[in-house]
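Take a look at the structure below.
In the UniProt record's numbering, the protein residues as written are 1 to 263.
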């Protein structure tokens, strides 16, 4: 969740009037990959690796955020196939989300800081997540995907979240996200939050894959702003390419690996 000055008039209350900001944003005329939404020169798809996890992630995404190419929530869905994504509208909650919240298979936790007022009795720690795993339920991290202002609005104005336990992220990790300006390096982006939560919950491999995928996204997107591509594979790229192995070579061809092979 990053700081941002974006504002919204009606799309947070009316799903019939979706925001059109994507057509006005800088870079809107760049030819992009339809799968990863990055410029074709910097396509992320060759590095996509799936991972399994015992915990799940559900994204409750602000309507403006889903159109931003710099959004990192989509990276979670690329890595974790069981990720659910819901668009948040204040007056029209997603019926599928409401049904899943009532499903006894899941133990949902709203990920939100514990330094705000009015819900101290709902705050829990990662030990509660582990407890739910031991009872056979599937812990779910509900991430409020948007800027800090948008996430706070979602948290405060969604009655169906009001009875759920609140899980603050406790970490010394500093953000590596370079594509938007945050108020502090302690403010992690959505993908970084998910990776850290997965690691703390014991889903280490999924956390490592997501971390690498985020790192490649960070590098490739930064390079796209200079209309270039990374000149050689980074360690994160190498690990993801190795994880894909023969499958990636068959799909994307030798050109994907030419720079690596020359090292």
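Ideal Cβ positions, reconstructed from N, Cα and C, are used throughout, including at glycine.
With a Cβ-Cβ cutoff of 9 Å, do residue 126 and residue 191 count as a contact?
no
So, for residue 332: in the same chain, excluding its five sequence neighbours on each side, which residues have a beta-carbon less than 6 Å away from its beta-carbon?
Because the chain here runs from 1 to 263, residue 332 falls outside it and cannot be looked at.
DSSP three-state assignment for residue 32, whether helix, strand or coil
strand
As a quick exercise: from 50, 83, 45, 129, pick the residue whose alpha carbon is nearest that of residue 205.
50
Bounding residues of the beta strand (DSSP E) (the contiguous stretch that carries residue 87):
Counting along the chain, the beta strand (DSSP E) containing residue 87 begins and ends at 84-87.
Separation of residue 61 from residue 144, as counted between CA atoms:
6 Å
Please classify residue 187: is it buried, with 16 or more other beta-carbons within 10 angstroms of its beta-carbon, or exposed?
buried
Is DSSP giving residue 184 helix, strand or coil here?
For residue 184, the predicted structure reports a pLDDT of 45, less than 50, and the residue's modelled location is therefore unreliable. A value from the coordinates is still provided. Reduced to three states, the DSSP call for residue 184 is coil.
Classification of residue 98 by the beta-carbon crowding that lies within 10 angstroms, buried from 16 upward
exposed
Between the region 113-126 and the region 158-166, are three or more C-beta pairs nearer than 8 Å?
yes
Residues in its own chain within less than 6 Å of residue 69 by CB, not counting five upstream and five downstream?
37
According to DSSP, is residue 130 part of a helix, a strand, or is it coil?
In this structure, residue 130 counts as helix in the three-state DSSP scheme.
Does residue 22 come out as helix, strand or coil in the three-state DSSP assignment?
Note that residue 22 scores a pLDDT of 48, beneath 50, so its modelled location is shaky; the value from the coordinates is reported in the next line. The answer is helix: DSSP assigns residue 22 an H, G or I state.
State buried or exposed for residue 351, treating a residue as buried only when at least 16 other CB atoms are found within 10 Å of its CB.
The question about residue 351 has no answer here: the residues shown for the chain are numbered 1 through 263.
Quick check on residue 170: does DSSP put it in helix, strand or coil?
coil
Identity of the residue in 48, 33, 31 nearest residue 210 by Cα:
48
Put residue 93 into one of helix, strand or coil per three-state DSSP.
coil
Coil, strand or helix - residue 139 by DSSP:
Residue state for residue 139 is assigned as strand, using DSSP reduced to three classes.
How long is the line joining the alpha carbons of residue 116 and residue 131, rounded to whole angstroms?
So the two alpha carbons sit approximately 25 Å from each other.
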